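Participant: 44 is the number of the first residue of the sequence shown in our numbering; add one for each residue after it. Could you have a look at this structure, given as structure tokens, before my questions?
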Amino acid sequence: MVLNPAEPVTRTFTLREPLLLFLVGACLSISQFVMIRDFVTILYGEEVVIILVTAAFFMGLSIGYFISLKFSYKFFHNSFLAIVFLHLTFPFSYRMLAVEIARLNLDGYMYVVLMFVYALIFSSIFAVFLPRLVHEKSSDKESAIQKMKVLYSMELIGFAAGFAIVSMSWNKGVDFILPIYWALLAVIIHLALQKKTWTAAFVLLAIVSSNSIEQVDRRTTALLYEHKHHFHEAETLLTINSAYQKVEVIKDEDGELYLYLDGLLNLNASDLEDLNYYIAETPARLIKPERTLIIGNGTLSSVPKVYPHSKFVQSVELDAGVLLAGQKFFTPTDELKGLDRWNLIVDDGKHFLKTTDHMFDLIIMDIPSPLTIQEAILHTKEFYQLAKSRLTEKGVIAVQLSGPLQHNNRTPARVVAALSEVFDEVMVINSDQADRSFGFASRQLPFSGADMRQATHEYEKGLKIIVPNDIPSYLSEAVPLALDNLDLVLCRGLDRFTDRYFDVDRDPCRKVRDWTEGYFNND
């Protein structure tokens, strides 16, 4: 038994240690990916949630390192077996526990407790190996340091190998990566315990479980949406991990399709019609652009709307997983056939704008709300300055504002403030039908408020149009989003997180700022 202090040192034993640490590193990398992606989706993937889940995972690692030398071999043997067999239930067991928390309407703290408990189970057991192996058979400090260097290096190499396996699983379901993960765990059991009975039992259970991974994955996902997202009935049509996020397509009892990214609703099929009409079709009809650039819009649903009005359409989407979901469920490939004046590139929008030589008459920013740093960067004044450099003299950038523009410092106002710092003219339309606002900015807008009214009056008669001269009155409290001022991401995420799980008053960031100002003013 490798981790038994009574075991005599042999050459086989020595060779086994680096291999064991290599496999531990690989499993640690895979388990980190699976756990963080799943819990971010369960808790809804704002930046605050991503930080919290990642912190929970590494706290589990730290606890594992801390307690690794504080218990006996027998305790390690028994706890390791219990935990490693429990890994055969991941990620489905904690999904079902989250479903029960939602079904029983338990306190929101229970989700956080669930996350930290499973983070401990996921990561702590892997953290135990390195310190125990370094400590055992080390006659002095120098030999312990040398052993530490070798074994830690092997663990890091294994972690990199695990990440390579993770990258192979992108745009696939967990039915691809879990059998690989379980196979690695089986080898770890054999190397660590050298008990063929336990290894055989684990392998047998893993083989049986592998036959139903996809079905269980889809069903537990559907149950999560029924109880936590309050669907009456839900069917999972797609659940994959892309390189950037978890991509899920859910169908409700009425046949409506919903696209969720990291547990956050990105769009549903009904929303697409209104969204595409205002952010894409309307400006394209008004401008008749020579060249149009669409950044985002992974469903590609706006392409057929813009194509008849533009001589060339360039789509840029970063996430191949969203493109897969879009073409499979939201924009059938038949609708895109024969569009010889359209081109698609899988790339980051910022990188594309920095490297392209083309100028555009219309740039459509069909991207999610700024709930993460990555998304928020595409709403900053620095990004809009970059976009402006690729616009023609009367070129227009169209942006969806995530909600109605109001006299406050919330997301729509801060995005419009960023636009106003870069462009000479900004027009905003508030659509009750689309339940959000849309901004249009340019050096010189090629259409007026009257033109917008005429273009949209048949689609929505009550559309509110805020012309450029009236925009400043909405921005008296608004601080433009900028690379050095992305507090909105954390504050909005914290607001939503605390309101959702702890039922506290809104805007905790404002309360902290007010308390801080009051404290220092009193001093």
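Glycine residues also receive a C-beta, built at the ideal position from the N, C-alpha and C atoms. Since the structure is predicted, the reported quantities are computational estimates derived from the model, not experimental observations.
Please state the DSSP three-state secondary structure of Thr-374.
Facilitator: Of the three classes helix, strand and coil, the one that applies to Thr-374 here is coil, per DSSP.
Participant: In three-state terms, what does DSSP make of Ser-485?
Facilitator: Looking at Ser-485 - three-state DSSP - the assignment turns out to be strand.
Participant: Given that a residue counts as buried once 16 or more other Cβ atoms are within 10 Å of its Cβ, and exposed if not, what is Ala-207?
Facilitator: So Ala-207 counts as exposed.
Participant: How would you write the range of the alpha helix (DSSP H) that Ile-410 sits in, first residue to last?
Facilitator: Looking at the DSSP string, Ile-410 is not in any alpha helix (DSSP H), and its letter there is neither H nor E.
Participant: Can you give, in chain order, each stretch of the beta strand (DSSP E) that sits fully within the stretch 421 to 459 and has at least 3 residues?
Facilitator: Whole beta strand (DSSP E) segments, 3+ residues: 434 to 443.
Participant: What does a CB cutoff of less than 6 Å around Phe-88 pick up in its chain, not counting 5 residues either side in sequence?
Facilitator: The amino acid occupying residue 88 in the given sequence is Gly; Phe does not appear at that position. So the qualifying residues of the chain are Asp-305, Gly-306, Leu-307.
Participant: Taking a contact to mean a Cβ-Cβ separation below 8 Å, would you say Ile-416 touches Leu-529 in this structure?
Facilitator: Going by C-beta atoms, Ile-416 is nearer than 8 Å to Leu-529.
Participant: If you compare alpha carbons, which of Asp-513, Leu-199, Gly-364 is closest to Tyr-287?
Facilitator: Cα-wise, what sits closest to Tyr-287 is Gly-364.
Participant: When burial is assigned at 16 or more other CB atoms within 10 Å of the CB, is Thr-279 buried or exposed?
Facilitator: The residue is buried, with at least 16 neighbouring Cβ atoms inside 10 Å.
Participant: To which residues of the same chain is Ala-461 closer than 8 Å at the C-beta, ignoring the five residues directly before and after it?
Facilitator: His-422, Thr-423, Lys-424, Tyr-427, Pro-523, Leu-524, Ala-525, listed in sequence order.
Participant: Bridge partners for Ile-283 per DSSP, in chain order?
Facilitator: DSSP output for Ile-283 lists Val-290 as bridge partner(s).
Participant: DSSP on Thr-53, reduced to helix/strand/coil?
Facilitator: Caution applies to Thr-53, whose pLDDT of 43 falls short of 50 and renders its modelled position unreliable; the value that the coordinates give is listed next. Note: Thr-53 maps to coil in three-state DSSP.
Participant: Once you ignore the five residues that flank Phe-100 on each side, which residues in its own chain have a CB closer than 8 Å to its CB?
Facilitator: Hits under 8 Å: Gln-75, Met-78, Ile-79, Ala-162, Phe-165, Ser-166.
Participant: Just reading off the beta strand (DSSP E) that Ser-105 is part of, what are its end residues?
Facilitator: Here Ser-105 belongs to no beta strand (DSSP E); instead the alpha helix (DSSP H) covers 90 to 110.
Participant: Do we get a CB-CB distance below 8 Å when we pair Thr-342 with the residues of chain C?
Facilitator: Absent here is chain C; the protein component of the structure consists of one chain.
Participant: Please work out which residues of its chain come closer than 7 Å, Cβ to Cβ, to Gly-216, disregarding the five sequence neighbours upstream and downstream, and give them in chain order.
Facilitator: The answer, listed in chain order, is Glu-257, Asp-260, Thr-282, Ile-283.
Participant: According to the neighbour-count rule (16 or more other Cβ atoms, all chains shown, within 10 Å of its Cβ), is Gln-189 buried or exposed?
Facilitator: By the neighbour-count rule (16 or more Cβ atoms within 10 Å), Gln-189 is not buried but exposed.
Participant: Look at the Cβ atom of Gln-443, then the Cβ atom of Asp-409, and state whether they are nearer than 8 Å.
Facilitator: Yes, the Cβ-Cβ distance between Gln-443 and Asp-409 is below 8 Å.
Participant: Using beta-carbon positions only, say whether Phe-373 and Thr-335 come within less than 8 Å of one another.
Facilitator: The answer is no: Cβ separation not under 8 Å.
Participant: Only counting the same chain, and skipping five residues up and downstream in sequence, which positions put a Cβ closer than 6 Å to that of Phe-355?
Facilitator: Hits under 6 Å: Arg-334, Arg-384.
Participant: With burial defined as no fewer than 16 other Cβ atoms inside 10 Å of the residue's Cβ, what is the status of Pro-48: buried or exposed?
Facilitator: Caution is warranted here: a pLDDT of 48 is assigned to Pro-48, below 50, making its placement in the model unreliable, and the coordinate value is therefore given only provisionally. So Pro-48 counts as exposed.
Participant: Using the rule of at least 16 other Cβ atoms within 10 Å of the residue's Cβ for burial, across every protein chain shown, is Val-292 buried or exposed?
Facilitator: Val-292 should be labelled buried.
Participant: Could you name each continuous beta strand (DSSP E) segment of 3 residues or more that falls completely within the stretch 457 to 524, going from the start of the chain to the end?
Facilitator: Correct list: 468 to 474, 479 to 485, 507 to 509.
Participant: Given a threshold of 16 other Cβ atoms within 10 Å of its Cβ, counted over all protein chains shown, does Ile-144 qualify as buried or as exposed?
Facilitator: Buried: at least 16 other Cβ atoms inside 10 Å.
Participant: Quick check: what's the CA-CA separation for Ile-509 versus Gly-492?
Facilitator: Approximately 8 Å, taken between the alpha carbons.
Participant: Compare the Cα-Cα distances from Leu-361 to each of Ile-338, Leu-131, Lys-380, Pro-351 and report the closest residue.
Facilitator: Nearest of Ile-338, Leu-131, Lys-380, Pro-351 to Leu-361, Cα basis: Ile-338.
Participant: Please classify Leu-336: does DSSP put it in a helix, a strand, or coil?
Facilitator: Leu-336: strand per DSSP, three-state reduction.
Participant: Note down, in chain order, each residue of its chain lying with its Cβ closer than 6 Å to the Cβ of Pro-222, except the 5 sequence neighbours on either side.
Facilitator: Answer for Pro-222: Ser-253, listed in chain order.
Participant: Identify, in the order they occur along the chain, each residue of the same chain with its Cβ nearer than 6 Å to the Cβ of Leu-266, setting aside the five sequence neighbours on each side.
Facilitator: Contacts found: Val-142.
Participant: Three or more beta-carbon pairs under 8 Å between the stretch 533 to 540 and the stretch 485 to 503, yes or no?
Facilitator: Not touching, per the Cβ criterion.
Participant: Give the C-beta separation of Leu-531 and Thr-435 to the nearest angstrom, bearing in mind that I take them to be a contact with Cβ-Cβ under 8 Å.
Facilitator: With 8 Å as the limit, Leu-531 and Thr-435 do not qualify as a contact, their Cβ atoms being about 30 Å apart.
Participant: Under the rule that 16 or more other beta-carbon atoms within 10 Å means buried, what is Val-389, buried or exposed?
Facilitator: Under this definition Val-389 is an exposed residue.
Participant: For Leu-382, which of helix, strand or coil comes out of DSSP?
Facilitator: Three-state DSSP puts Leu-382 in coil, outside helix and strand.
Participant: Would Asp-467 be called buried (16 or more neighbouring beta carbons within 10 Å of its own) or exposed?
Facilitator: Asp-467 comes out exposed.
Participant: Going by C-alpha distance, which of Val-290, Ile-85, Leu-63 is nearest Asn-214?
Facilitator: Ranking Val-290, Ile-85, Leu-63 by Cα distance to Asn-214 puts Val-290 first.
Participant: Using only alpha-carbon positions, find the residue among Ser-196, Ala-170, Lys-294 that is nearest to Phe-119.
Facilitator: If we check each option's Cα against that of Phe-119, Ala-170 comes out closest.
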